[in-house]
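Undergrad: In terms of the numbering used here, the sequence shown opens at residue 10 and continues consecutively.
Here a beta-carbon is modelled for each residue, glycine too, at the ideal position from N, C-alpha and C.
Keep in mind it's a predicted model, so treat the numbers as computed, not measured.
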Amino acid sequence: MADSYFDTDDITKEYDSRIVRRILSYLKPYKHLAIMTIAALVVSTLGELALPVLLQRIIDDGILVKNVSFLAQGCVFYLILLVFVFAFTFAQTWTANLMTQRVLKDIRIALFTKTIRQSTGFLSRHPVGRIVTRLTSDVQTMDEFFTTVLVAFMKDIAVMAGTLVTLFILSPKLALVVLLTLPPVLIITFISRVKARDAFRRQRTASSKVYAYLAERLSGMQVVQLFRQEKKSLREFRESNQELLGANLGEMYVFATFRPAVEWLSTFTMAVVIVAGSGLTLSLSLSLGALIAFINLVQMFYQPVTDIAEKYTMLQSAMAGGEKIFKLMDTEEHIADNGNIRTEGLVQGSVEFNDVNFAYKQGENVLKSLSFFVKPGEMAAIVGYTGAGKTTIINILTRLWDIETGDIKLDGHSIKDILLEDLRASIMPVTQDVTLFSGTIEENISLGLDLTGDEIMEAAKTVHAHEFIAGLTEGYKTVLSERASNISTGQRQLISFARVIAHNPRVVILDEATSSIDTETERLIQLGMKKVMAGRTSFVIAHRLSTIKDADRILVLSGGRLVEEGNHDELIAHKGIYAGLYRLQYDEEKKI
Numbered sequence: 010m011a012d013s014y015f016d017t018d019d020i021t022k023e024y025d026s027r028i029v030r031r032i033l034s035y036l037k038p039y040k041h042l043a044i045m046t047i048a049a050l051v052v053s054t055l056g057e058l059a060l061p062v063l064l065q066r067i068i069d070d071g072i073l074v075k076n077v078s079f080l081a082q083g084c085v086f087y088l089i090l091l092v093f094v095f096a097f098t099f100a101q102t103w104t105a106n107l108m109t110q111r112v113l114k115d116i117r118i119a120l121f122t123k124t125i126r127q128s129t130g131f132l133s134r135h136p137v138g139r140i141v142t143r144l145t146s147d148v149q150t151m152d153e154f155f156t157t158v159l160v161a162f163m164k165d166i167a168v169m170a171g172t173l174v175t176l177f178i179l180s181p182k183l184a185l186v187v188l189l190t191l192p193p194v195l196i197i198t199f200i201s202r203v204k205a206r207d208a209f210r211r212q213r214t215a216s217s218k219v220y221a222y223l224a225e226r227l228s229g230m231q232v233v234q235l236f237r238q239e240k241k242s243l244r245e246f247r248e249s250n251q252e253l254l255g256a257n258l259g260e261m262y263v264f265a266t267f268r269p270a271v272e273w274l275s276t277f278t279m280a281v282v283i284v285a286g287s288g289l290t291l292s293l294s295l296s297l298g299a300l301i302a303f304i305n306l307v308q309m310f311y312q313p314v315t316d317i318a319e320k321y322t323m324l325q326s327a328m329a330g331g332e333k334i335f336k337l338m339d340t341e342e343h344i345a346d347n348g349n350i351r352t353e354g355l356v357q358g359s360v361e362f363n364d365v366n367f368a369y370k371q372g373e374n375v376l377k378s379l380s381f382f383v384k385p386g387e388m389a390a391i392v393g394y395t396g397a398g399k400t401t402i403i404n405i406l407t408r409l410w411d412i413e414t415g416d417i418k419l420d421g422h423s424i425k426d427i428l429l430e431d432l433r434a435s436i437m438p439v440t441q442d443v444t445l446f447s448g449t450i451e452e453n454i455s456l457g458l459d460l461t462g463d464e465i466m467e468a469a470k471t472v473h474a475h476e477f478i479a480g481l482t483e484g485y486k487t488v489l490s491e492r493a494s495n496i497s498t499g500q501r502q503l504i505s506f507a508r509v510i511a512h513n514p515r516v517v518i519l520d521e522a523t524s525s526i527d528t529e530t531e532r533l534i535q536l537g538m539k540k541v542m543a544g545r546t547s548f549v550i551a552h553r554l555s556t557i558k559d560a561d562r563i564l565v566l567s568g569g570r571l572v573e574e575g576n577h578d579e580l581i582a583h584k585g586i587y588a589g590l591y592r593l594q595y596d597e598e599k600k601i
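This is the structure in structure tokens:
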């Protein structure tokens, strides 16, 4: 199961001040919005607290004494205060969300910038699903942190503190009665916090398992169907889904228990206030307006308490998301770009490997003491059995990976001394798996270059891609779907060739370039590639040895070592590994 795409780690900390500080550090560019949010929050809270007090005055000094003039003035002022509270609440909500969205934008940009600069080694150990989760759902938890947790928490604290102060101002005796109900609330809140934490962890683990299972099975649905695994997959999914149902119900149970309990205490407190307040009112120690104001304030006090469990779960989610986001940000596995040599398009194209050793995993060398020299403009073919290290040469020549020991030189300069941008502009591969992006064909050919339509068309004509592109309804403006599934494999290959031609590198690497296309398309590519490789250094990695018979030199790898070198005729006469591979393929083709 693809668990690596969705982490199932438990949250180690309920609240991490270090993570909170790092999250809040993103507020620095938006201090003015933060100040405006806090100011609007304070003003709106004061307005909300003033409403019950004003209502007391309207009842005591207007309704009870039948002072119509004061009653009218009080009602008008009450409406004005309501509009005032609404305006500042709106301002607080607007500025808080504006600030949050800008912070989320900055975090996403920082994460994406960090990711695209990481080494291929880092990307190979972190599946795409996990990185996408970091950039989307984990970042989205920050939205909840700012809007639902941070700002709402400050609002709740301000309301609760202000309510208690107002209660003591109105009647110290009744305020003490309210305080006596707080210990049960604190106990219930503590128990709910613990239960919510455990329920959240179970729900997160169960949902991660379901997501992982879906990601694996849906991506491999063809295999599931071919091997008749539908019933088994359905049974396994039902088990995981049942576990998720139980976890979700457990989380709902916490909320279903906590909220009614707090509401019951709120109602009980209100009943006590009414009973005690009625006695004080009858004894003329408390006015009727004050008693009604008290009831409203008690409702205001308990409203934030009922939301504590939900806010706590969101806080945990934000802590988990923040921890994973900053862990990704703190990972440093990029290819060092310390070169100071600018090629500026002056590369001749000589390539030299000098005693190169490389391992994807420590101690498991893929290339061993590899040395060879290719002159400018030569076509060098690299052949060998699967796992010999052929494709690895692409990765290290373009510095997608750095070698362990030895040196690789381009025109006599170590590739580590050449600026990475210039190196990759000078050496371009066409890999086995062609990657085309959603967009038009011409955008995929130019890919960042400011090319004219004629230049794009000329590149396509060179590799005989123009014929099929011109036959499309929209021509070069044809929009490619996801993974370019609306054109054939061979057509995707031709577009990738046109892209290389458009960028005009001095060194071209073709990795299995013609292994996935039909005979006619291969013939067209061979014609086009002769023009492409003219005057350029080219490396061709292919299993079909018939495509490399004209190579200037053929490098034969075995076990990561260079075991044979020469042209086609020389290697056939040598009767070594290459001759064996060629004879094997020749016999296979004769049978076909």
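1) If you reduce the DSSP assignment to three classes, tell me which class Ile344 lands in.
2) Going by beta-carbon coordinates alone, are Gln127 and Glu342 separated by less than 8 Å?
3) DSSP beta-bridge partners for Val363?
4) If you follow the alpha helix (DSSP H) that Arg213 is in, where does it begin and where does it stop?
5) Look up Lys370 in the DSSP assignment and give the residues it is bridged to.
6) Express the C-alpha separation of Lys240 and Val158 in angstroms, rounding to a whole number.
7) Would you call Ala522 buried or exposed, if buried means 16 or more other Cβ atoms sit within 10 Å of its Cβ?
8) So, are the CB atoms of Phe367 and Val375 less than 8 Å apart?
9) Nearest-angstrom Cα distance between Asp115 and Arg139?
10) Using DSSP with H/G/I as helix, E/B as strand and the rest coil, what is Asp520?
11) Name the DSSP beta bridge partners of Phe382, please?
12) How many Å lie between Gln234 and Ser242 at the Cα?
13) Does Thr21 pass the burial test, meaning 16 or more other C-beta atoms within 10 Å, or should it be called exposed?
14) Kindly indicate the opening and closing residues of the beta strand (DSSP E) around Val439.
15) Taking the alpha helix (DSSP H) that Ile301 falls in, what are its first and last residues?
16) Say the cut is 7 Å; is the CB of Phe367 nearer than that to a heavy atom of the ligand COA?
17) I think Gly348 touches Asp426, with their Cβ atoms under 8 Å apart; what is that distance to the nearest whole Å?
18) What is the DSSP secondary structure of Glu332, counted as helix, strand or coil?
19) When the Cα atoms are used, what is the spatial distance from Ser287 to Pro269?
20) Take His512 and list the residues in its own chain whose beta-carbon comes closer than 8 Å to its own, dropping the five residues that flank it on each side.
21) Between Asp463, Val356, Arg211, Leu580, which lies nearest to Gln9 when the distance is taken from Cα to Cα?
22) Assign Phe477 to one of three DSSP states: helix, strand, or coil.
23) If the criterion is Cβ atoms closer than 8 Å, does the pair Gly330 and Gly544 meet it?
24) Could you give the C-beta distance for Ile391 and Phe236, rounded to a whole number, given that I count them as a contact under 8 Å?
25) Assuming Ile119 and Met328 make a contact with CB atoms under 8 Å, what is their CB distance in whole Å?
26) Name the residue from Thr54, Val94, Val516 whose alpha carbon lies nearest to the alpha carbon of Val356.
27) In chain order, what residues of the same chain lie with their CB nearer than 7 Å to the CB of Leu590, ignoring the 5 residues before and after it?
28) Rounded to whole angstroms, what's the CA-CA distance from Val284 to Ser180? Just pull it up for me.
29) From which residue to which residue does the beta strand (DSSP E) around Glu573 run?
30) Please determine, among Tyr35, Leu295, Ile304, Glu467, the residue with the shortest C-alpha to C-alpha distance to Thr276.
31) Look at Leu379 and Leu258 and say whether their C-beta atoms are less than 8 Å apart.
32) Following the continuous beta strand (DSSP E) through Thr546, name the residue where it begins and the one where it ends.
33) Leaving out five residues on either side along the sequence, give the residues of the same chain with a beta carbon under 6 Å from the beta carbon of Ile403.
34) Just the C-alpha distance for Leu144 and Leu195, rounded to the nearest angstrom, thanks.
35) Can you tell which of Val77, Thr556, Lys320 has its C-alpha closest to the C-alpha of Met163?
36) Taking three-plus beta-carbon pairs below 8 Å as touching, is the region 186-194 in contact with the region 71-88?
TA: Reading off the structure:
1) coil
2) yes
3) Reading off the sequence shown, one finds Asn at residue 363, where the question assumed Val. Paired residues: Asp416.
4) 191-228
5) Glu373
6) 43 Å
7) Confidence at Ala522 is low in this model, with a pLDDT of 49, below 50, so the placement of that residue is unreliable and no value is reported for it.
8) yes
9) 20 Å
10) strand
11) Glu361
12) 10 Å
13) Low confidence applies here, because Thr21 scores a pLDDT of 48, under 50, leaving its location unreliable; read the following figure in that light. Thr21 is exposed by the Cβ-count criterion.
14) 436-439
15) 297-315
16) Annotation note on the ligand COA: not contained in the displayed structure, which lists no ligands.
17) 5 Å
18) helix
19) 26 Å
20) Ala434, Met437, Leu456, Leu458
21) With the chain represented from 10 up to 601, any question about residue 9 goes unanswered, as that position is not in the structure.
22) helix
23) no
24) At roughly 36 Å, the Cβ-Cβ gap does not stay under 8 Å, so Ile391 and Phe236 are not in contact.
25) One point to set straight first is that residue 119 is Ala, not Ile, in the sequence displayed. Not a contact, Cβ separation roughly 19 Å.
26) Val516
27) Val392, Leu554
28) 14 Å
29) 570-575
30) Ile304
31) no
32) 546-550
33) Pro438, Ile518, Asp520
34) 37 Å
35) Lys320
36) no
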